[in-house]
Amino acid sequence: IAILGNTQQKTFAVAYDVANHRIGFGAKGCS
Amino acid sequence: ARTNDPNWHVFSVSSLLPSSACTASKAASNSSALGVVHRHGPCSPVQARRRGGGGAVTHAEILERDQARVDSIHRKVAGAGGAPSVVDPARASEQGVSLPAQRGISLGTGNYVVSVGLGTPAKQYAVIFDTGSDLSWVQCKPCADCYEQQDPLFDPSLSSTYAAVACGAPECQELDASGCSSDSRCRYEVQYGDQSQTDGNLVRDTLTLSASDKLPGFVFGCGDQNAGLFGQVDGLFGLGREKVSLPSQGAPSYGPGFTYCLPSSSSGMGYLSLGGAPPANAQFTAFADGATPSFYYIDLVGIKVGGRAIRIPATAFAAAGGTVIDSGTVITRLPPRAYAPLRAAFARSMAQYKKAPALSILDTCYDFTGHRTAQIPTVELAFAGGATVSLDFTGVLYVSKVSQACLAFAPNADDSS
Chain A
1 IAILGNTQQK TFAVAYDVAN HRIGFGAKGC S
Chain B
1001 ARTNDPNWHV FSVSSLLPSS ACTASKAASN SSALGVVHRH GPCSPVQARR RGGGGAVTHA
1061 EILERDQARV DSIHRKVAGA GGAPSVVDPA RASEQGVSLP AQRGISLGTG NYVVSVGLGT
1121 PAKQYAVIFD TGSDLSWVQC KPCADCYEQQ DPLFDPSLSS TYAAVACGAP ECQELDASGC
1181 SSDSRCRYEV QYGDQSQTDG NLVRDTLTLS ASDKLPGFVF GCGDQNAGLF GQVDGLFGLG
1241 REKVSLPSQG APSYGPGFTY CLPSSSSGMG YLSLGGAPPA NAQFTAFADG ATPSFYYIDL
1301 VGIKVGGRAI RIPATAFAAA GGTVIDSGTV ITRLPPRAYA PLRAAFARSM AQYKKAPALS
1361 ILDTCYDFTG HRTAQIPTVE LAFAGGATVS LDFTGVLYVS KVSQACLAFA PNADDSS
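Structural data, given as structure tokens:
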């Protein structure tokens, strides 16, 4: 398998939208 | 200079390394989000103690442990490490318990930590947060065999809301690794892929996320025999997909989801929040099917470098078994048939810079010594459904030092792994 590691996730708001069975990436998410 | 070109990151070389001082501001006290800090950065309470008594972890060590975690994830997905194994009967007899063990993935570096409150009155504990495992645990009193940790051990006798989980309780039955002690307490054992291990009682107590956010009856492990690569953290909180995970237990109160943001620098602060609406600017991709119940699978389908799609065989990702998103793996691993063209395209764009030696698993490194500013191409990841995510600059380069900044991707061993 490929693995998306945490370095590549930095600064994104990574939203695990379990109810809708999807994952979202929001840029500049830490501010 | 391509300052205004959206396909390039232009940066000051002097800004490559993180500050040695914590620059993060604490989350507002009325916020329900937990502050996320890098375990080895200056904001980490664990690191603050390390400075007094031990050396810092090197980048090479972080990357070597990262490979151990990746190897362990591969084994678990392949099923080799996923099947329950039986505890040594002699040891089980000695403890008066007989229970199967659950082998998880390697802890690796456990890069990011949050601070949570447990018990009544609540006491704070610094714990690793991990989307690749499910059971949360902290070290507890009395402890037969605990490693030295950041804070005093959790003491059940000081909490008015503590309760043991009985053997017959559904939470005990649902935990694969459950068993009974001679006094009918539910025992758990987790063996991680790197041989780290925690054993203890399954218990429940109030989890405090903030002054206004409490989760009564939170089920977690009260570890009394723990050993391995935990450093000095007080425990680990699992954010995986199974029922016992923090998001699953928090779902009735907050909804069945969570969001985190990992800071760009080890001297900065991010957050972890349960429930809530996803950010308005988010691009979404559907969860993909996957065999391992703890992991979150997604479909990575393509990569762009400097705004141009690189040529990756259409079957490269699917043939490799899909993609897992993991908060605990540092470096993204790609099938070789995807990594090779990424590396080639990146190297073509970096031809004007002097090459630097490889850093552990990172084989494409550059020396920016003597440059005031430098530029690297953007890297975008394309997911099923059309979501395209342009990585932050800090997600493209892994900077050990100014003379050794590396493309922050690595290949898996072969296309079938």
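Protein chains in written order, with the numbering used here: chain A, 1 to 31; chain B, 1001 to 1417. Every residue, glycine too, gets a C-beta built ideally from N, C-alpha and C. Note that this is a predicted model, so its numbers are computed, not measured.
In its chain, beyond the 5 residues on either side, 1305, 1364, 1377 and 1407 have a beta carbon closer than 7 Å to the beta carbon of residue 1346 of chain B.
Around the beta-carbon of residue 1123 of chain B, 16 or more other beta-carbon atoms lie within 10 Å, marking it buried. Note on geometry: alpha-carbon atoms of residue 1398 of chain B and residue 1405 of chain B lie some 6 Å from one another.
For residue 1142 of chain B, the number of other beta carbons within 10 angstroms of its own is below 16, and it is reported as exposed. Cβ-Cβ separation between residue 1117 of chain B and residue 1208 of chain B: approximately 3 Å, consistent with a contact (criterion under 8 Å). Between residue 1266 of chain B and residue 1064 of chain B, the beta carbon gap of about 18 Å keeps them out of contact (Cβ cut-off 8 Å). 8 Å or more divides the Cβ of residue 1192 of chain B from the Cβ of residue 1200 of chain B. Contact of residue 1073 of chain B with chain A by beta-carbon distance below 9 Å involves 1 and 3. Residue pairing of residue 1295 of chain B in beta bridges, as defined by DSSP: absent, with no partner found.
In the three-state DSSP reduction, residue 1263 of chain B falls in the coil class, being neither helix nor strand. In the DSSP assignment, residue 1170 of chain B falls within the alpha helix (DSSP H) that extends over 1170-1174. Between residue 8 of chain A and residue 1131 of chain B, the CB-CB gap reaches or exceeds 8 Å. Taking every protein chain shown into account, the CB of residue 1185 of chain B has 16 or more other CB atoms within 10 angstroms, so this residue is buried.
In this chain, the alpha helix (DSSP H) harbouring residue 1254 of chain B covers 1246-1254. By the Cβ rule, the region 12-26 of chain A counts as touching the region 1285-1295 of chain B, because three or more pairs are nearer than 8 Å. Proximity of chain A to residue 1391 of chain B at the Cβ level (cut-off 7 Å) is accounted for by 8, in chain order. The C-beta of residue 26 of chain A has 16 or more other C-beta atoms within 10 Å across all chains shown, which makes the residue buried. Contact annotation, residue 1236 of chain B with residue 1062 of chain B: C-beta distance approximately 18 Å; criterion of less than 8 Å not satisfied.
Here residue 1106 of chain B is buried. Its C-beta has 16 or more other C-beta atoms within 10 Å. In this structure, residue 1246 of chain B places its C-beta atom within 8 Å of the C-beta atom of residue 1238 of chain B. Under DSSP, no beta-bridge partner is assigned to residue 11 of chain A. By the rule that beta-carbons nearer than 8 Å mark a contact, residue 1264 of chain B touches chain A. Within a 10 Å sphere around the beta-carbon of residue 1160 of chain B sit fewer than 16 other beta-carbons, which makes this residue exposed. According to the DSSP assignment, residue 1346 of chain B belongs to the alpha helix (DSSP H) that extends over 1336-1349.
When DSSP states are grouped into helix, strand and coil, residue 1224 of chain B belongs to the strand group. Beta bridge pairing from DSSP links residue 1009 of chain B with B/1376. The C-alpha of residue 1111 of chain B lies about 5 Å from the C-alpha of residue 1039 of chain B.
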